[in-house]
Amino acid sequence: MTMTGSAIERRKFPAPFENYELGDPFDEMFHASGAPRQHYQEIYDFLLDLPADELKLHKQAADQTFLHQGITFTVYGRDEGTERIIPHDLLPRIITAQEWGKVESGLEQRIHALNLFLKDIYHEGKILSDGVVPRDIIYSCKHFRREMRGVHVPKGNYLTVVGTDLIRRPDGEFVVLEDNLRVPSGVSYMLTSRQVLKRIFPKLYQACGVRPIDHYGQALLATLRNLSPEGRPEPTVVLLSPGVYNSAYFEHSFLARQMGIQLVEGRDLVVHDNIVYMRTTSGLRRVDVIYRRIDDDFIDPLSFRRDSILGVPGLFNAYRTGNVTLANAIGTGVADDKALYAYVPKIIKYYLGQDAILENVETFLASEPTEQKHILANLDKFVVKAVGESGGYGMLIGPHSTKEQQEEFGKKIIEDPRNYIAQPTISLSTAPCFVEGGNIEPRHIDLRPYILYQGEKSVIVPGGLTRVALRKGSLVVNSSQGGGSKDTWVLN
Amino acid sequence: MFYSIRHVTRFQYSTPVSESVMEVRMRPRSELLQQCLKFELHVTPRARVQFYRDYLGNTVHYFDVPGHHNRLALIAEAVVEVEEPEDIPEAVPMAAWETIDEMWASGELYEFQMPSHFAQPSAELDKLVKELGVDRRENPLTLLRRLNQKMYSAFEYAPKSTRVDSPIDEALINRKGVCQDFSHIMIAIVRGLKIPCRYVSGYVFPRPEEEKRATPLATHSWIEAWIPGIGPNQQGLWVGFDPTSNCVCGDRHIRAAIGRDYADVPPTKGVFKGRATSELTVAVRVLPTNAPADDREELVLVPSSNSGSSPVADHHWEEMQQQQQQQ
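Heads up: the sequence lines are chains A and B, in that order.
According to numbering that gives the first Met the number 0, the stretch in the first sequence is residues 0 to 491, in order.
According to numbering that gives the first Met the number 0, the stretch in the second sequence is residues 0 to 326, in order.
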């Protein structure tokens with residue numbers, strides 16, 4: 000996919016937009032005609048009026064703030080230091096109140112249905128006996144936890160914190176790319192980007208009328224407290240992190256601080272007589288709710304991976320008894336499996352009797368023989384994804400791949416069809432970004448709103464994390480693959 | 000028949016350990032023809048024993064010992080009544096294969112149809128399947144009866160020839176092993192025929208002629224395969240086959256737990272804190288009775304192949320923290 004070559008004539012924009020090109024993808028700032036969209040007018044005018052070097056200074060100031068606040072993440076498998084500041088872009092991405100209204104109700108609907116689905120498959124399995132979702136998709140999923148069958152979870156809420164990735168199609172519609180139902184990360188970048196941008200563009204922020212997001216930490220804490228075991232009205236909530244070597248450790252410590260709760264590792268917790276305690280300087284203290292950022296596999300060496308030393312032995316039995324709550328519940332990954340994704344519209348229809356408000360991206364399953372043929376014949380056009388991976392690992396982007404890469408993926412698909420899906424390459428929408436050299440150019444973006452699920456209703460702070468593929472023409476927005484973040488402004 | 004079972008387990012640690020947490024799957028199941036009339040589990044050092052039932056109906060006891068200890072001892076005592084089942088027919092109609100294929104397609108018994116940790120297909124397994132001539136020419140029940148017999152003849156019973164965590168290839172290559180190996184091999188073969196098949200851990204009170212292999216002085220394992228068209232209302236029945244003693248299971252087999260294979264249902268499973276090696280000794284006694292076992296009688300403990308060291312090592316740590324997916 001290229002930025003040029005469409006029917007639209009390239010038109011000249013004034014500085015600092017002189018290199019801005021419009022193509023097939025939906026552009027967040029400009030109509031196809033080249034006129035700025037109404038909700039971007041304020042910032043467009045602001046940028047035109049700004050002295051040439053001013054943006055660079057702003058960018059430097061923002062970088063400094065990120066660095067001083069230690070807003071970093073970790074990249075694995077590279078030699079040059081693993082700790083970096085999160086790449087970010089200076090210019091906010093703007094969403095209108097009307098657009099947001101639809102996204103919000105669409106997410107609320109989707110996550111509620113997925114929660115009902117999780118409850119069903121770990122209990123009666125009605126959707127399976129009714130043949131709406133094939134059993135083998137569930138039981139062959141590596142995130143399905145048979146240990147959770149028949150286990151009651153508080154309030155029936157399997158999901159608590161969810162991050163769903165949305166992209167905007169060329170026609171301007173938001174569609175769902177994938178759900179993250181296990182340990183979604185990135186919310187700290189959403190919050191810190193906002194803090195920084197408010198400081199860099201205070202007047203613009205005021206003038207635009209942006210909905211606040213600062214209450215996320217308190218909303219998360221309230222959601223967690225609400226899951227307290229019965230008879231524990233004043234629950235102790237902790238955040239369980241794998242430790243400092245984890246890519247998201249900054250976020251773990253950031254969120255614990257925002258909520259005013261303890262940040263713990265597995266070795267800080269101990270289970271005795273089915274109750275979970277935290278080791279403190281003044282002795283053991285009972286723990287009621289754990290916001291865990293450790294994978295299912297590692298959470299309890301007694302019940303899951305025996306060699307895990309990050310987990311807490313006996314935790315799962317305490318959880319099963321209802322003496323402690325884990326958020327998210329164990330086994331939620333079966334519902335964000337990329338093969339199951341194709342069934343989500345049917346799942347919404349099945350439990351809620353409604354059509355999905357937010358559509359899916361068209362998806363082909365390699366496990367279906369006819370669809371597999373179609374995938375293999377079109378490897379140069381499709382995006383192929385390994386179902387169990389996240390963070391942009393194990394992915395083939397057809398149009399940007401070599402023949403060798405396609406052949407390699409073709410082999411992998413034939414060897415292990417259940418593990419692969421394919422989607423047409425979608426031109427993610429573009430938004431103006433400040434690039435090196437001082438110009439503003441379009442780059443591809445997506446959107447990850449964070450949903451705090453509380454049953455039929457959810458708390459969704461307006462906006463979310465806009466991830467941007469900082470490399471020109473790139474479609475990969477994952478921070479582990481060179482993506483950056485952008486502040487997201489939902490207008491009043 | 001009434002049986003009294005006494006099952007003693009002792010862990011001896013090379014240096015004191017702490018924070019032991021353990022799960023125990025020893026309580027005989029209560030269902031259909033088998034009723035557990037009494038079950039007691041004594042733990043030393045003293046611990047508060049709790050239990051849950053998993054979704055397959057197994058009772059799992061668990062406890063923790065927080066303080067330092069050099070040894071951990073469990074004494075499980077049970078009284079069980081097992082009724083003689085109705086005779087299993089020699090054969091079922093060939094059409095049973097169709098029902099088995101339907102069951103396969105529905106995925107209803109998925110976890111008992113797919114390979115599991117110990118019951119994996121392998122080249123060695125294929126060799127054995129060919130050698131034993133196992134295929135769908137016969138009806139499933141006759142086929143399994145024969146397979147059970149052939150398994151018995153093909154393997155030598157050799158205690159301590161394999162470890163508790165040995166893959167089946169070891170027993171397949173050497174053509175010898177213990178009940179657990181035979182069960183895993185047979186499960187892998189039966190599932191390969193698309194017949195749902197599960198692992199049973201329990202106890203046996205063998206007929207005198209079977210005593211060479213199966214013994215009332217150890218835990219035992221065998222398999223159950225789902226055969227359509229028999230049982231109440233011809234709804235299908237899980238039929239027990241014991242490839243170690245060459246028999247179809249009746250009132251001499253006492254079922255404690257069912258699972259995909261041994262990995263799901265070890266009698267004890269625990270972790271502890273400390274750098275110690277542990278030595279495990281086990282003693283079992285199964286007696287026909289009308290009354291609970293005599294507590295005063297001392298059992299002779301025998302070393303188990305399950306002994307091992309704690310898996311903790313610091314260098315895994317960093318790697319594991321990184322392995323945590325943050326989505």
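Beta carbons: idealized from backbone N, C-alpha and C, even for Gly.
Here the structure is a predicted model, which means the values were calculated and not measured.
Of all residues in the segment 191-207 of chain B, none has a C-beta nearer than 9 Å to a C-beta of chain A. PHE253(A) sits in a helix when the DSSP states are folded into three classes. Contact note: ARG28(B) does not reach chain A at a C-beta cutoff of 9 Å; the least C-beta distance is about 16 Å.
Judged by DSSP secondary structure, LYS159(B) falls outside any alpha helix (DSSP H); it is assigned neither H nor E. Taking THR98(B) as the centre and dropping the five residues before and after it, the same chain places the C-beta of PRO227, GLY228, GLY235 closer than 8 Å to its C-beta, in chain order. MET102(B) carries a helical assignment under DSSP once its states are collapsed to helix, strand and coil. A contact between stretches requires three or more CB pairs, one per stretch, nearer than 8 Å, and the segment 144-153 of chain A meets this requirement with the segment 319-330 of chain A.
For ASP180(B), no CB of chain A lies under 8 Å from its own CB, so it is not counted at the interface with that chain.
Put simply, the backbone Cα of SER182(B) is about 9 Å away from that of VAL199(B). Here TYR419(A) really is in contact with ALA365(A); their C-beta atoms are around 4 Å apart, less than 8 Å. With a cutoff of 8 Å on beta-carbon distance, SER457(A) and LEU464(A) are scored as not near each other. Within its own chain, the residues whose Cβ lies closer than 7 Å to the Cβ of GLU82(B), once the five positions on either side in sequence are excluded, are LEU32, ASP250, listed in chain order. Taking PHE240(B) as reference, the option from LYS149(B), LYS129(B), THR43(B), GLU110(B) with the minimal CA-CA separation is LYS149(B). Beta-bridge pairing by DSSP links TRP237(B) to TRP225(B).
Residue contact with chain B for ASN327(A): absent (no Cβ-Cβ distance below 8 Å to any residue of chain B). DSSP places GLN371(A) inside the alpha helix (DSSP H), whose first and last residues are 368-376. Taking all protein chains shown into account, ARG259(B) has 16 or more neighbouring C-beta atoms within 10 Å of its C-beta and is therefore buried. From the listed residues VAL161(A), PRO312(A), GLY483(A), TYR121(A), the smallest Cα separation to MET147(A) is found for TYR121(A). Cα atoms of ALA282(B) and ALA224(B): separation of roughly 29 Å, rounded to the nearest angstrom. Two segments are said to touch when three or more pairs of C-beta atoms, one from each, lie closer than 8 Å; by this definition the segment 61-70 of chain B touches the segment 6-21 of chain B. CA-CA distance, PRO344(A) to PRO398(A), rounds to 28 Å.
The count of Cβ pairs closer than 8 Å, one atom from the segment 348-361 of chain A and one from the segment 309-316 of chain A, stays below three, leaving the stretches out of contact. Check the Cα spacing between LEU40(B) and each of ALA118(B), TYR54(B), GLN11(B), ALA72(B): the tightest is with ALA72(B). Every alpha helix (DSSP H) of 4 residues or more that sits fully in the segment 87-168 of chain B is shown, in chain order, as 95-105, 122-131, 139-153. In the DSSP assignment, MET277(A) falls within the beta strand (DSSP E) that extends over 274-279. Contact between the segment 169-179 of chain A and the segment 333-342 of chain A is present: 3 or more CB-CB pairs across the two stretches fall below 8 Å.
Not a single CB atom of chain A sits nearer than 8 Å to the CB of GLN11(B).
Contact of GLU223(B) with chain A is not assigned, every C-beta pair being separated by 8 Å or more. For the set PRO207(B), PRO266(B), ILE184(B), the Cα lying nearest the Cα of LEU279(B) is the one of PRO266(B). Nearest C-alpha to ASP44(A) among PHE29(A), LEU56(A), LYS55(A): PHE29(A).
Inclusion of PHE117(B) and ALA262(B) in the CB contact set at 8 Å is warranted, their separation being smaller than that value. LEU446(A) is positioned such that its CB atom lies no closer than 8 Å to that of GLY409(A).
Contacts between VAL269(A) and chain B, judged by CB atoms closer than 7 Å, involve GLU18 in chain order.
Within chain A, the C-beta atoms nearer than 7 Å to that of TYR61(B) come from ASN316, in chain order. Taking a contact to require three or more Cβ pairs closer than 8 Å, the segment 20-31 of chain B and the segment 469-477 of chain A do not qualify as touching.
With distances taken between CA atoms, VAL203(B) lies nearest to TRP221(B) out of ALA75(B), TRP221(B), ILE194(B).
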